[in-house]
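With our numbering, letter number 140 in the sequence shown gets 261, and the count goes up by one each step, no holes.
Yeah, the Cβ is synthetic: ideal placement off N, Cα and C, and Gly gets one too.
Working notes for the structure below.
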Amino acid sequence: MDLTESGTGTLACPALGPLRRIRRAHLLAAGCAAITLCTADTAPAATDATTAPARPTIVLVHGAFADASSWNGVVERLQRRGYTVIAPANPLRGLYNDSTYIASVLDSIKGPMVLVGHSYGGAVISSAAEGNARVTSLVYVSALMPDVGESGMSLSARFPSALATATKSVPYRAAGGVTGTDLYLKPDRLHQVFAADLPESTARLLAVTQRPAATTAFSEKAKAAAWKHIPSWFLVAKHDRTINPDQERYEARRAGSHTVEIDSSHVAMLAHPEAVTDLILQAAMAPPPSR
122 MDLTESGTGT LACPALGPLR RIRRAHLLAA GCAAITLCTA DTAPAATDAT TAPARPTIVL
182 VHGAFADASS WNGVVERLQR RGYTVIAPAN PLRGLYNDST YIASVLDSIK GPMVLVGHSY
242 GGAVISSAAE GNARVTSLVY VSALMPDVGE SGMSLSARFP SALATATKSV PYRAAGGVTG
302 TDLYLKPDRL HQVFAADLPE STARLLAVTQ RPAATTAFSE KAKAAAWKHI PSWFLVAKHD
362 RTINPDQERY EARRAGSHTV EIDSSHVAML AHPEAVTDLI LQAAMAPPPS R
């Protein structure tokens, strides 16, 4: 091998020149391959983080003669699935008052939401969701679903139920000279009309702890119907004696709701929390509507 002295004081070997170039090429290729692997490993994660839709908050609105604890079985199941859940107190003072209040609760929530209403709570969410682009779905559980100009009373006049003979009226007074009339379920009728598939002992507790609704909750006419432009799901309780099941079917059909029917009394979320949870999950996992 012909070794000569280079100008730098080191031995130069012509034969090693190509060898160094080959090794350098290999190192560069290995470095590029490593960069490519790193990019391949990290790129999908970044894509998932930017494209995965946010999981909606579930807002559960109770109806008349009940409180937020009526959702307990549903709340537990949704939380086990990883959902954030809020079950605010529905004031039950009138449709305009209650829907305004629930709309203010929605303003405090970040991100997308699914609203769920039971009974009179259905009328409340239909108004509260109006104009809120973050509400992706509406779920009605044996609920009122009035159109603009309709009230709970006008709907029940078309579809009578046993509720008409199961309530008692009690006058009330409030600060500022405000007066009105509250409606209560008669304790001896609550089990049969409201919660027939629950134990009688549970029905007695519901009778004692019930929250009354002002008559304006049922007499005030809806000024909005958000279900006309927000996708809806509806659970029909086939043995409901508080709201006529035919009324529930009519409302769901008119709105084009995704509908299920189950063998339940009016309080499906208490008697059949699994079925109610399943319907809510369908709404929560549906693609958001295009507005």
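Range of the contiguous alpha helix (DSSP H) that encloses residue i
i, result
"residue 223", "216 to 228"
"residue 236", "Segment 234 to 239 is the beta strand (DSSP E) holding residue 236; no alpha helix (DSSP H) there."
"residue 284", "No alpha helix (DSSP H) holds residue 284; DSSP gives it neither H nor E."
"residue 194", "193 to 201"
"residue 371", "366 to 376"
"residue 400", "394 to 406"
Which residues DSSP lists as bridging residue i, in chain order
i, result
"residue 289", "305"
"residue 382", "357"
"residue 294", "300"
"residue 334", "304"
"residue 351", "Paired residues: none, contrary to the question."
Separation of residue j from residue i, as counted between CA atoms
i, j, result
"residue 330", "residue 320", "16 Å"
"residue 251", "residue 243", "13 Å"
"residue 284", "residue 369", "15 Å"
"residue 286", "residue 297", "32 Å"
"residue 222", "residue 408", "28 Å"
"residue 239", "residue 305", "17 Å"
"residue 446", "residue 400", "Residue 446 falls outside the range modelled here, since the chain spans only 122 to 412, and no answer is possible."
"residue 351", "residue 179", "15 Å"
Reference residue i; option with closest CA among the options
i, options, result
"residue 393", "364, 359, 405, 410", "359"
"residue 307", "332, 382, 297", "332"
"residue 397", "339, 199, 378", "199"
"residue 206", "343, 402, 408", "402"
"residue 338", "384, 196, 379, 211", "211"
"residue 224", "249, 391, 230", "249"
"residue 347", "256, 229, 215", "256"
Cβ shell of residue i (< 7 Å), same chain only, five flanking positions each side left out
i, result
"residue 175", "232, 233"
"residue 366", "357, 358, 359"
"residue 428", "Residue 428 is absent from the model: the chain starts at 122 and stops at 412."
Endpoints, beta strand (DSSP E) assigned at residue i
i, result
"residue 261", "256 to 262"
"residue 179", "178 to 182"
Close beta carbons around residue i, own chain, < 8 Å, minus the five adjacent residues each side
i, result
"residue 303", "290, 291, 292, 293, 333, 334, 335, 336"
Contact set for residue i: own chain, Cβ-Cβ below 6 Å, skip 5 residues either direction
i, result
"residue 388", "316"
"residue 230", "178"
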